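Have a look at the structure below before the remarks.
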Amino acid sequence: MMGPTLTGQVPAGFATAPSLMRRPTFHNTPEGNIRYSFKDRSIHGGRKYVAGCLSTIANAGHSTGDIIAKENAHILQTYGRVPIVMVRGQGPRLWDADGKEYLDFMSGIAVNALGHSDPIWASAVAVQSATLAHVSNIYYTPQQAELAERLTQKSFADRVFFCNTGAEANEAAIKFSRKFHFAKGSARKEFISFSGSFHGRTMGSLALTSKSQYRTPFEPVMPGTLFGKFNDLESARQLINANTAAVFVEPLQGEGGIHAATIEFLQGLRSLCNEHGALLVFDEVQCGLGRTGTLWAHERASVTPDIMTIAKPLAGGLPIGAALMTQSVADSIQFGDHGSTFAGGPIVCAAAITVLDRIEAKGFLEHVNSMGKILVDGLKDALRGCERVVEVRGTGLLVGVQLSAKVAGKVVTACQTSGLLVISAGDGDVVRIVPPLIITEDDINEAIPIIKKAVLEVEA
Ligand SMILES: Cc1ncc(COP(=O)(O)O)c(C=O)c1O
Numbered sequence: 000m001m002g003p004t005l006t007g008q009v010p011a012g013f014a015t016a017p018s019l020m021r022r023p024t025f026h027n028t029p030e031g032n033i034r035y036s037f038k039d040r041s042i043h044g045g046r047k048y049v050a051g052c053l054s055t056i057a058n059a060g061h062s063t064g065d066i067i068a069k070e071n072a073h074i075l076q077t078y079g080r081v082p083i084v085m086v087r088g089q090g091p092r093l094w095d096a097d098g099k100e101y102l103d104f105m106s107g108i109a110v111n112a113l114g115h116s117d118p119i120w121a122s123a124v125a126v127q128s129a130t131l132a133h134v135s136n137i138y139y140t141p142q143q144a145e146l147a148e149r150l151t152q153k154s155f156a157d158r159v160f161f162c163n164t165g166a167e168a169n170e171a172a173i174k175f176s177r178k179f180h181f182a183k184g185s186a187r188k189e190f191i192s193f194s195g196s197f198h199g200r201t202m203g204s205l206a207l208t209s210k211s212q213y214r215t216p217f218e219p220v221m222p223g224t225l226f227g228k229f230n231d232l233e234s235a236r237q238l239i240n241a242n243t244a245a246v247f248v249e250p251l252q253g254e255g256g257i258h259a260a261t262i263e264f265l266q267g268l269r270s271l272c273n274e275h276g277a278l279l280v281f282d283e284v285q286c287g288l289g290r291t292g293t294l295w296a297h298e299r300a301s302v303t304p305d306i307m308t309i310a311k312p313l314a315g316g317l318p319i320g321a322a323l324m325t326q327s328v329a330d331s332i333q334f335g336d337h338g339s340t341f342a343g344g345p346i347v348c349a350a351a352i353t354v355l356d357r358i359e360a361k362g363f364l365e366h367v368n369s370m371g372k373i374l375v376d377g378l379k380d381a382l383r384g385c386e387r388v389v390e391v392r393g394t395g396l397l398v399g400v401q402l403s404a405k406v407a408g409k410v411v412t413a414c415q416t417s418g419l420l421v422i423s424a425g426d427g428d429v430v431r432i433v434p435p436l437i438i439t440e441d442d443i444n445e446a447i448p449i450i451k452k453a454v455l456e457v458e459a
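In numbering that gives the first Met the number 0, the protein residues as written are 0 to 459.
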């Protein structure tokens, strides 16, 4: 239970919130909740953001136990959750219903690129929701057109298809690949993906996902997927042929354990696809949009795909996905081939525009690179000599600590107890560290000793 809060007092979290907006005012409600409201006008990047009298109720009046019990009683149990109820976030910090503060180095699994409750993002969402929230894709909206223009201007792509999640973006890429070949008169059926891959949990994207335990209970998933060995071009050469519709690869595997594709591997796949007339799909759902210190993770290989899928950070915490493609792929798609009721709605697109504004702002990617270096160097220094630690690796702010055993879950729990949120990856043997891209050196200096302490605890 959050402690008692008197009218006008600022609860934990808001008090220290760095904000462009004026501080909110707080009032207790008879139900024991906290109502807060704030007003502000700000001009940022040539856009005007106005959050007028936005009023929300923070659900602080219910105890952690009550909320967990309610969840257990009513929600399909597909998530092995930790017993924490999150009620508030600001920048790289989160607060639970008991008032405990956390430094968030997992960003909602690589989603909250701007941290939590970024004031400009929040203002854009508030203004858009008070203006126009949904009209369906039967009509045009300025926000969707602008976001698509921004994405094509900043990538290899000529066209964008919007959807709602990473899995949906990959599902769209599967359909577009099939249609591309169908339109050419060759119904290619096969897809190649790689060991360690994660592409989602729908029947098509799941078929491309390497962990068999995710697939087995749901078979048959989409037939025709062949798995090569990640970073082994020869294994791809043996699988690709005139039946291959597309090759799917993550330029940097996140769920798989923070493994970067080598430049030679990405370039070799491009050549193999060209040779065999197959499409190359880069899944940048987790590694794209600045996470690795460049806007797109594949930039370092100087090759481009035919289709790229993106999602997680694009709308800064709202659900969005997109498949970006060349005109050649787009030419095979006709009205009615694919669609989605909610995709590319004005609110998520307005939110995404603020995320792109920020990532493209001068110095932002340099910040990601320098924070990534400080984080990796600091972890290497701190963890040197730890028996359990095999390697610290990462690009930009997608960082992994490879452990010698499947004890990442224990390290994650120990970090959490000390107020730091990280997640596991790989085979339960990698601690994945994916902080918001706006973190500072002070945040990193706070996190590293906690990670070290957690690793030592697990070693003991
Ligand atoms: C590389 C990659 N592709 C696809 C997905 C699926 O995204 P979503 O959970 O939004 O469906 C994920 C999610 O972790 C991912 O990391």
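Even glycine gets a Cβ: it sits at the ideal position worked out from N, Cα and C. Since the structure is predicted, the reported quantities are computational estimates derived from the model, not experimental observations.
Item: Hey, could you find the ends of the alpha helix (DSSP H) glutamine 266 is sitting in?; Value: 262–275
Item: Taking 7 Å as the cut-off, is the CB of glutamine 212 close to at least one heavy atom of ligand 1?; Value: no
Item: Find the nearest neighbour of glycine 184 within the set Ala241, Gly203, Asp305, Ala144, judged by alpha-carbon distance.; Value: Ala241
Item: Is the stretch 377–385 touching the stretch 407–419 in the sense that three or more CB pairs, one from each, lie closer than 8 Å?; Value: no
Item: Taking leucine 420 as the reference, give the member of Gln401, Asp442, Ser135, Asp426 with the closest Cα.; Value: Asp442
Item: With a threshold of 7 Å, establish whether the CB of aspartate 282 neighbours any heavy atom of ligand 1.; Value: yes
Item: Rounded to the nearest angstrom, how far is the Cβ of isoleucine 306 from that of alanine 322, given a contact under 8 Å?; Value: 6 Å
Item: Return the residue from the list Ala349, Val347, Lys99, Leu265 that minimises the CA-CA distance to threonine 303.; Value: Leu265
Item: At 3 residues or longer, and completely inside the stretch 161–204: list those beta strand (DSSP E) runs for me, N to C.; Value: 189–193
Item: Does any heavy atom of ligand 1 sit closer than 7 Å to the C-beta of histidine 198?; Value: yes
Item: Within the present structure, is the beta-carbon of glutamine 89 separated from the nearest heavy atom of ligand 1 by less than 7 Å?; Value: no
Item: Please determine, among Ile346, Arg290, Val391, the residue with the shortest C-alpha to C-alpha distance to methionine 105.; Value: Arg290
Item: Just reading off the alpha helix (DSSP H) that methionine 370 is part of, what are its end residues?; Value: 363–382
Item: Please determine whether the Cβ atom of alanine 296 lies at a distance below 7 Å from any heavy atom of ligand 1.; Value: no
Item: Is the Cβ-Cβ distance between threonine 201 and glutamate 249 less than 8 Å?; Value: no
Item: Examine ligand 1 and report whether any of its heavy atoms sits within less than 7 Å of the Cβ of isoleucine 173.; Value: no
Item: Measuring straight from C-alpha to C-alpha, what distance separates cysteine 52 and alanine 129?; Value: Note that cysteine 52 scores 40 on pLDDT, short of 50, meaning its location in the model is unreliable; the coordinates nonetheless yield the value given after this. C-alpha separation (whole angstroms): 11 Å.
Item: Taking a contact to mean a Cβ-Cβ separation below 8 Å, would you say leucine 397 touches leucine 251 in this structure?; Value: yes
Item: Using only alpha-carbon positions, find the residue among Asp95, Ile373, Gly88 that is nearest to proline 82.; Value: Asp95
Item: If you measure from the CB of alanine 235, is any heavy atom of ligand 2 nearer than 7 Å?; Value: Ligand 2 is absent from the structure shown, which contains only ligand 1.
Item: Does phenylalanine 176 pass the burial test, meaning 16 or more other C-beta atoms within 10 Å, or should it be called exposed?; Value: According to the sequence as given, residue 176 is serine; it is not phenylalanine. Burial call: buried.
Item: Nearest-angstrom Cα distance between phenylalanine 341 and alanine 235?; Value: 36 Å
Item: In chain order, what residues of the same chain have a beta carbon less than 7 Å from the beta carbon of leucine 205, not counting five sequence neighbours either side?; Value: Gly199, Tyr213, Arg214, Phe217, Val220
Item: Would you mind reading off the limits of the alpha helix (DSSP H) that contains valine 278?; Value: The residue asked about is misnamed: residue 278 is leucine in this sequence, not valine. Not the alpha helix (DSSP H): leucine 278 falls in the beta strand (DSSP E), residues 278–282.
Item: How far does the beta strand (DSSP E) with valine 389 in it reach, from first residue to last?; Value: 388–394
Item: On the DSSP letters alone, give me the boundaries of the alpha helix (DSSP H) that glutamate 254 sits inside.; Value: Segment: none, glutamate 254 is in no alpha helix (DSSP H) and carries neither H nor E.
Item: Quick one: what does DSSP say arginine 290 is sitting in, helix, strand or coil?; Value: coil
Item: Using C-beta distances below 7 Å, list every residue in its chain close to aspartate 428, excluding the 5 sequence neighbours before and after it, in chain order.; Value: Gln401, Leu402, Ala404, Lys405, Ala407
Item: Taking 7 Å as the cut-off, is the beta-carbon of asparagine 169 closer than that to any non-hydrogen atom of ligand 1?; Value: yes
Item: By DSSP, does glutamine 143 sit in helix, in strand, or in coil?; Value: helix
Item: What does a CB cutoff of less than 8 Å around serine 209 pick up in its chain, not counting 5 residues either side in sequence?; Value: Ser192, Phe193, Ser194, Gly195, Ser196, Phe197, Phe226, Gly255
Item: For glycine 316, collect the residues of the same chain with a Cβ closer than 7 Å to its Cβ; drop the 5 residues on either side in sequence, then sort them by chain order.; Value: Gly107, Val110, Asn111
Item: Under the assumption that valine 328 contacts phenylalanine 179 (Cβ atoms under 8 Å), give the Cβ distance between them as a whole number of angstroms.; Value: 5 Å
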